[in-house]
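Everything below concerns the one structure shown next.
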Amino acid sequence: MYTEKVMDHFENPRNVGEIPDADGVGQVGNPTCGDIMKIYLKIDDGIIKDIKFKTFGCGAAIATSSMVTEMAKGKTIAEALQLSNKAVAEALGGLPPKKMHCSNLAADALHAAIQDYQNKQNK
Amino acid sequence: MYTEKVMDHFENPRNVGEIPDADGVGQVGNPTCGDIMKIYLKIDDGIIKDIKFKTFGCGAAIATSSMVTEMAKGKTIAEALQLSNKAVAEALGGLPPKKMHCSNLAADALHAAIQDYQNKQNK
Amino acid sequence: MRRVYFDHSATTPVRPEVAEEMQKYLTEYFGNPTSLHYFGRQVRKAVEEAREKVANAIGARPEEVVFTSGGTESDNMAIHGIAMINKNRGNHIITSAVEHHAVLNTVKALGKQGFTVTILPVDKYGMVSLDDLANAITDKTILISIMHASNEVGTIQPIKDMAAMAREKGIFFHTDAVQSMGKIPVNVDELGVDLLTVSGHKIYGPKGVGALYIRKGTRWRQTLFHGGAQERLRRAGTENVPGIIGLGKACELAARDLEKEAAHLAGLRDKLIKEVMDKIPHVQLTGHPTMRLPNHASFCFEFIEGESMLLSMDMKGVAASSGSACTSGSLEPSHVLLAMGIPHELAHGSIRITLGRDNTEEDIDYFMEIMPPIVERLRAMSPLDQE
Amino acid sequence: MRRVYFDHSATTPVRPEVAEEMQKYLTEYFGNPTSLHYFGRQVRKAVEEAREKVANAIGARPEEVVFTSGGTESDNMAIHGIAMINKNRGNHIITSAVEHHAVLNTVKALGKQGFTVTILPVDKYGMVSLDDLANAITDKTILISIMHASNEVGTIQPIKDMAAMAREKGIFFHTDAVQSMGKIPVNVDELGVDLLTVSGHKIYGPKGVGALYIRKGTRWRQTLFHGGAQERLRRAGTENVPGIIGLGKACELAARDLEKEAAHLAGLRDKLIKEVMDKIPHVQLTGHPTMRLPNHASFCFEFIEGESMLLSMDMKGVAASSGSACTSGSLEPSHVLLAMGIPHELAHGSIRITLGRDNTEEDIDYFMEIMPPIVERLRAMSPLDQE
Ligand SMILES: Cc1ncc(COP(=O)(O)O)c(C=O)c1O
Ligand SMILES: Cc1ncc(COP(=O)(O)O)c(C=O)c1O
Ligand code: FES
Ligand code: FES
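Protein chains in written order, with our numbering: chain A, 1261 to 1383; chain B, 1261 to 1383; chain C, 12 to 398; chain D, 12 to 398.
The following block contains the structure:
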């Protein structure tokens, strides 16, 4: 049911972990509904220098988390904000229809982390 | 579905035919409902000396016709009147439930033929 | 004893190629297609390939094909599902007097549940008239179900014209193609139908599996079974995997071999009909003389009854069937023969010979050797006036 | 790679003896059992023998056994058939919160059609309480349907006591024995039930076939399918002959091997449960600790999610299943786990290991080798607070 790309990212997820002194942290989902993604950002000069994730969820959730971090790394904030759920799913060679909501989570978590960074900046 | 006895009587029916100068003739059923049995009797001294049948109907109808003629032959009229549908079916080793009505036809035809004989006698 | 099987409308043997494919899905590839793991995924793939094969055979898209437990379930599911979900639009259903009981009894049951039912008559060949259909349609008509070809007399209905009439009025059209599949072309777009019934065991596939074609966009919903989410919520219950694999393969072969088979069968059928009509007196052909299935020959033999003919033929090794009431132990002969205006006593003498891919000219010669004496013997036993 | 199948509650491989018997009924004995002739009679005989085997396995009489297309159909047919024909006597139906969807959704659908439905809660082990049942019964109750053993957590219900309660009040009792067959004794008189569901593919028989036991004298009628007069008017449609033959054989073997199998399975299960609980931290056993199927071990692993565990296990060749919502892409985890009071986040981490006759101690050793690193790896990825 999953593409090879998905399975690769599930098996060897890129950028798993935490960044203790992150510039921005975003979390979406909640344990009741079962899916949680947390993304940590290190931002320098408007560019995402480092990014890590932690995810509680299905294979698609883990793979999309991994993929979204890969895609965001090195991008400017503006570019990262353009990263859509669809783009993440496409980069993985597609997801089963029932799993599209997992890709939502990934992009949402990224955007939440950026939002957190921007909130902190504006203080 | 049919017993060996039934198949034997179907394959080698006893007493098929007509008796041109019959003492009694009975017919039951009608072509619309599909099953017709006709029995011819030759009666001498209150005893069934000869009996023949013609039947339009299923295997069970032919076999019960054959069996009823076998059972009636040589019997007195009183004895023949005692011959029940059940007895005919039993003599054949049983009939499928759906085919019990065919055995009704056989005994009914015999009784109708005896009735015809008695009617003629009473004239 | 020589054995000749002439009852292919009742059921067919599973083709060896089909049986072989199925076997693997009993023991080796046994997973549940719903399962996420290796054992499940293997099987899911095979099920979807089978769906493609069925779809290809009828010119449909795979997602328009739902697997069922057979023709009966497909018919029930098609009709009940359309009726229940469209009853706000109308409550009138049209079918014909010669349908299989899986259609006729389903429609009649709806007739007791607030639906109005029109059962179209047929002519002496078992054919529904386009005029009758046109006249029967009302503003309230939501569904028309007419079979593609008759199991009992082989008559092929003008489905294309009828379905076009339905489409023009926005009425859903279902056809039961159980008997036509593999014998004449069956293409859902050519025919223009919205729902179409397929059964495995009539096309050299297994018993206990069938399919329902549901055109994309058709307002239909599963209304019979509740349970798991299989078949994208269109049919609950663990999939009959070996059956589905077998149905897929059977459909593939049926479509591939159609022309060749049809020519072979029509040749045999024509020989059979000619010889019976020439050599046995007091016989009538039932069904349409030309618009009939290539493998179908059905007759009424005057003065004698079907079951006793069948038993006699069986004793000589020939297997056929009959629409006589006595065959089933019921009191009414085939509703199809009666609807065609055949009188009861004649309908009792019906015999159906349905040919299959393994039949040969020799089978027909053998039949013509054994049949006349059987008819003669039974006629000699018959009390009916044979003038 | 080593492959270990630990998902026998989802489906089982067909036993070779069963597959072999079935094969003959595809190609060689292919007749329609309704047919009068030689080809049909052979098959009729085999079908009736299979019916006897099923009846023997559950302590019933052959005429009380109806063949169906599987457990789902049997459940639907049992419940709908009782409800429809007894609604003049009452409109109340009782079931439990842990039933299979084939029961639960059928009962819920009736709840929308004028029936009143009580869905009994369960305790933390998934057990229905006799007191709750006693309190739920009203003058209007016509049917109680409680499963014999749970597919998800293996808990065995006290059917005998519940059925006795029902009988005393003249209420029909149905039980779904799909999971208990072949693992614990299933006897309709011992249990005292009126209707009982069997499915082929859970007992090393084929998919797409099942049976419904209907006690003689039960006011039940076929209400789902219309069509031919097969199964003495209790199930229309050409019989799935190879499936039926396979079900018969599978039932025979299941009954014959029951004790030996159960002992073998319980030994493995106990080893598995002990090792998982001992060697993996933050794991809970789900279902009843002792009143559970001998082949059933189910757990919730804290902080991680079921599908990702399954995928990881599958990459190591181990096939199991989960009640996590993510497994099916739905938003709610298993209704059974939730009914047992397990919180959502924990229910997401459920894993079900269901053992089968071919499993060995080595399989369990292998599982215990691969599982701890999988759990560790996924926990390392989890954002949940693992204190
Ligand atoms: C025209 C037609 N429709 C439906 C059916 C029922 O199909 P099945 O036997 O697969 O239930 C049959 C055969 O029995 C048939 O001939
Ligand atoms: C308890 C229970 N009931 C019913 C079913 C449905 O049976 P089937 O898959 O044969 O339709 C299953 C299995 O899926 C089950 O585990
Ligand atoms: S004569 Fe018609 S069923 Fe026997
Ligand atoms: S995280 Fe639940 S379905 Fe993907």
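Where a beta carbon is used, it is the ideal one built from N, C-alpha and C, also for glycine.
How would you write the range of the alpha helix (DSSP H) that residue i sits in, first residue to last?
i         : result
D/ILE284  : 252 to 290
B/SER1325 : 1319 to 1332
A/ASN1364 : 1360 to 1382
C/ASN146  : 141 to 147
C/VAL77   : No alpha helix (DSSP H) contains C/VAL77, which is instead part of the beta strand (DSSP E) from 76 to 79.
Measure the alpha-carbon distance for residue i versus residue j and round it to whole angstroms.
i         : j         : result
C/GLU387  : C/ASN162  : 28 Å
B/CYS1362 : D/HIS275  : 56 Å
C/ARG230  : A/HIS1269 : 40 Å
D/ALA277  : D/GLY367  : 10 Å
D/VAL133  : D/GLU110  : 11 Å
D/ILE130  : C/LEU235  : 22 Å
D/LEU283  : D/ILE375  : 6 Å
C/MET320  : D/LYS218  : 39 Å
B/ALA1373 : B/GLY1334 : 15 Å
C/LYS64   : C/MET382  : 41 Å
D/ASP86   : C/GLY239  : 12 Å
C/THR45   : D/GLY360  : 19 Å
A/ASN1290 : A/LYS1359 : 17 Å
B/ALA1340 : B/ALA1349 : 15 Å
C/VAL25   : C/HIS48   : 31 Å
D/ILE256  : D/GLY137  : 35 Å
C/ILE104  : C/ARG226  : 19 Å
D/HIS299  : D/ASP281  : 13 Å
C/VAL29   : D/TYR40   : 15 Å
C/HIS212  : C/LYS327  : 25 Å
C/MET173  : C/LEU141  : 7 Å
Starting from residue i and walking both ways along the beta strand (DSSP E), at which residues does that stretch end?
i        : result
D/THR166 : It is not in any beta strand (DSSP E) - D/THR166 carries neither H nor E in the DSSP assignment.
D/GLN295 : 294 to 297
D/PHE310 : 307 to 312
Quick one: residues in its chain with C-beta nearer than 6 Å to the C-beta of residue i, no 5 flanking neighbours on either side, listed in chain order?
i         : result
C/ARG245  : VAL77, GLN233
A/ASP1368 : VAL1288
A/MET1261 : PRO1356
C/ALA266  : ALA68
B/ILE1296 : GLY1289, PHE1316
C/ALA160  : ILE167, GLN190, SER191, LEU304
C/SER210  : GLY81, GLY82, VAL189, GLY221
What three-state label does DSSP hand residue i in the structure shown?
i         : result
B/GLN1342 : helix
C/ILE385  : helix
A/ASN1272 : coil
C/PHE183  : strand
C/GLN124  : coil
A/TYR1300 : strand
D/ILE214  : coil
C/ASN97   : helix
A/LYS1314 : strand
D/ALA66   : helix
Between the Cα of residue i and those of the options, spot the shortest distance and give me the residue it belongs to.
i         : options                                : result
C/ASP200  : C/GLN397, C/THR83, C/GLU75             : C/GLU75
D/GLY51   : C/SER332, C/ARG363, C/HIS112, C/GLY216 : C/SER332
D/GLY254  : D/ILE214, D/GLU286, D/ASP268, D/HIS237 : D/ILE214
B/VAL1266 : B/PRO1273, B/ALA1323, B/LYS1314        : B/ALA1323
D/GLY216  : D/ALA261, D/ALA147, D/HIS299           : D/ALA261
C/VAL287  : C/LEU264, C/LEU322, C/PRO384           : C/PRO384
Spatial neighbours of residue i within its chain, please: C-beta separation below 8 Å, excluding the five flanking residues on both sides.
i        : result
C/LYS125 : The question names Lys, but residue 125 of chain C is Gly in the sequence shown. Excluding positions up to five away in sequence, the list reads LYS98, ASN102.
D/PHE183 : ILE93, ASN97, ILE153, LEU154, ILE155, ALA177, ASP205, LEU206, THR229, ARG230, TRP231
C/LEU349 : GLU343, HIS355, ALA358
C/MET4   : Past the boundaries of the shown model lies residue 4 of chain C; chain C is included only from 12 to 398, so the question cannot be answered.
D/ARG72  : ALA66, LYS227
Skipping 5 residues on each side, what residues in its chain have a beta carbon closer than 7 Å to that of residue i?
i        : result
D/VAL252 : TYR36, PRO44, VAL54, VAL58
Kindly say whether residue i, judged by its beta-carbon, lies nearer than 8 Å to any beta-carbon of chain E.
i        : result
D/ILE167 : Structure shown: chain E not included; protein chains present are A, B, C and D.
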